[in-house]
Structure formats: structure tokens, C-alpha cells
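Position one of the sequence shown corresponds to residue 0 (numbering that gives the first Met the number 0), numbered consecutively onward.
A virtual CB, placed ideally from N, CA and C, is assigned to each residue, including glycine.
Written out below as C-alpha cells is the structure these notes cover.
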Amino acid sequence: METTLSRLMRSRRLVRDYETLPAMHEAMVLWSMTMLMSSRPAGRRPGAFSRPSSRAE
0 METTLSRLMR SRRLVRDYET LPAMHEAMVL WSMTMLMSSR PAGRRPGAFS RPSSRAE
């Protein structure tokens, strides 16, 4: 939970109170979380395609 909150506080729009309506602030929080979650690297799936490593011999 602390890691999530610290990642949210990196968003400049959430640090200051720019919005006058609570619904606008809620939308900014949801937008920031969406951006955070979409930028997280997905784990490798078993059986996923990977390039064969080229070994210089």
C-alpha cells in the first residue's frame, strides 16, 4: 500500500489541488492509477515466444 501511494504522489496533478470539484480529483486519481498500471512490466508467460540467444563461438 505504501508503494502504491508513493507512486501516486509522483504524479504532479495529485500533489496540488487544481480541481474544484471532488469528482474531478477522483478522475485524476483514476487516470494516474491507470497510467501506473499500464506502464508496469508484465511478467513473462510460460511458453511465450522469445528470440534464441546468439552465441559467438
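In angstroms, rounded to a whole number, what distance separates the CA positions of residue i and residue j?
i: L29; j: M23; result: 10 Å
i: D16; j: S37; result: 24 Å
i: S31; j: L7; result: 7 Å
i: R9; j: E25; result: 16 Å
i: L4; j: P21; result: 19 Å
Can you tell me whether DSSP reads residue i as helix, strand or coil?
i: R9; result: coil
i: L20; result: coil
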